[in-house]
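A short worksheet on the structure shown next.
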Amino acid sequence: MKIVRDVAAVRAAVAGSGRVGLVPTMGAFHEGHLSLIRAARAACDVVVVWLFVNPTQFNEKSDLAGYPRDEERDAALAAECGADILFAPSVAAVYPAGFATTVTVAGVADVLEGALRPGHFAGVATVVAKMLNMVGPEVAFFGAKDAQQVAVVRRMVADLDIGTRIEVLPIVREADGLAMSSRNVRLDPDERRRATALHRGLTSARAAVTGGERDAAVLARLVQDELADAGIAAEYVAVIDPDSFEPVEIIAGPTLIALAARVGATRLIDNIEVAP
Ligand code: AMP
24 MKIVRDVAAV RAAVAGSGRV GLVPTMGAFH EGHLSLIRAA RAACDVVVVW LFVNPTQFNE
84 KSDLAGYPRD EERDAALAAE CGADILFAPS VAAVYPAGFA TTVTVAGVAD VLEGALRPGH
144 FAGVATVVAK MLNMVGPEVA FFGAKDAQQV AVVRRMVADL DIGTRIEVLP IVREADGLAM
204 SSRNVRLDPD ERRRATALHR GLTSARAAVT GGERDAAVLA RLVQDELADA GIAAEYVAVI
264 DPDSFEPVEI IAGPTLIALA ARVGATRLID NIEVAP
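Following this note's numbering, the numbering of the sequence shown begins with 24 at its first residue and continues without gaps.
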């Protein structure tokens, strides 16, 4: 596996090598990231892993400063999973002096995470647009864990006629259901135990749908109650359309239940798909 740092080097490395797959990440790899790299390996001729802690998508300075980083470990794991190229640019390579363009997506980027994390999705959309232009992949692989990010990226790719197909892979979870996240390392043992309520709440809502419940308010309440039992106050529990992220009142088709909650000082997100 080759490590490259700038656009000229990545373009030279992928030139003429067939079907290019890109896996965008901020590093601190866990099985969720590795599942994306393996999927890219299975589907593509050349696999590029983007490793960049993008400062513009952090709305809290302390979150950026404390974000776990270990390029050496990530490089070894990416190579083990069959990546061909690790593209790990510096902040100056991505945002050189004079950089002045921002991509904003209206609608789907304005609610939930977008409303609570001002500037977050503008940072995401801009850096994803840049990396797709830099690498020119046929396919880019994203995780369903960041469901709103997927919806924002899909909207942007369609609106800007970017020729990359967006492939979405299921959420990888710990044995007790907690969605894997680079931020989970910040949970102390008590918080880690209580954090299992997120997935428990979502699965009890899904079980209620299977049992015939169709009222979104009732489903959201079920999730809230499960969180409250663990001493967790949700920032939101939303029952929404998976593409537009508009609220759904009565479950009539594939629907997403998404939540964000702080467990101690750590902010976690999770979601589950339900269907009648
Ligand atoms: P990040 O490094 O957190 O920006 O995540 C990079 C990619 O990995 C994104 O597409 C995430 O949605 C995906 N990802 C993160 N956690 C998981 C997980 N537990 N399961 C599946 N994909 C994930």
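Note that CB positions come from ideal geometry on N, CA and C, so glycine has one too.
On a predicted model such as this, the values are computed, not experimentally measured, just so you know.
For the options ALA281, GLY276, GLU214 and VAL297, the alpha carbon positioned closest to that of ALA231 is the one of VAL297. In this structure, PRO160 is the residue among PRO160, ARG140, PRO47 and ALA138 with its C-alpha nearest to the C-alpha of CYS67. THR125 and GLN80 have their C-alpha atoms roughly 12 Å apart. For PHE144, the uninterrupted alpha helix (DSSP H) segment begins and ends at 143-158.
Using a C-beta cut-off of 8 Å, the segment 185-202 makes contact with the segment 219-229, since at least three inter-stretch Cβ pairs fall below that distance. The C-alpha of THR187 lies about 42 Å from the C-alpha of ASP213.
Here ALA99 carries a helix assignment [DSSP, helix/strand/coil]. Between the C-alpha atoms of ASP182 and VAL131 there is a straight-line separation of about 13 Å. In the three-state DSSP reduction, ASP93 falls in the coil class, being neither helix nor strand.
Under DSSP, ALA198 shares a beta bridge with no residue. For ALA174, same chain residues with a beta-carbon under 8 Å away, outside a window of 5 residues either side, are VAL131, PRO265, ASP266, SER267 and PHE268 in chain order. Annotation for HIS222 indicates a beta carbon at 7 Å or more from all heavy atoms of ligand 1.
Taking each of ASP169, ARG92 and GLY235 in turn and checking the Cα distance to VAL208, the smallest one comes out for ARG92. Take SER227, set aside five residues on each side of it, and the residues of its chain with a beta-carbon closer than 8 Å to its own are LEU245, VAL246 and GLU249, in chain order. Using a Cβ distance threshold of 8 Å, ARG28 and ALA111 count as a contacting pair. Within the same chain, VAL43 and VAL69 come within 6 Å of VAL37 by CB-CB distance, once the 5 residues on both sides are set aside.
Under the DSSP assignment, PRO265 falls outside any alpha helix (DSSP H); it carries neither an H nor an E label.
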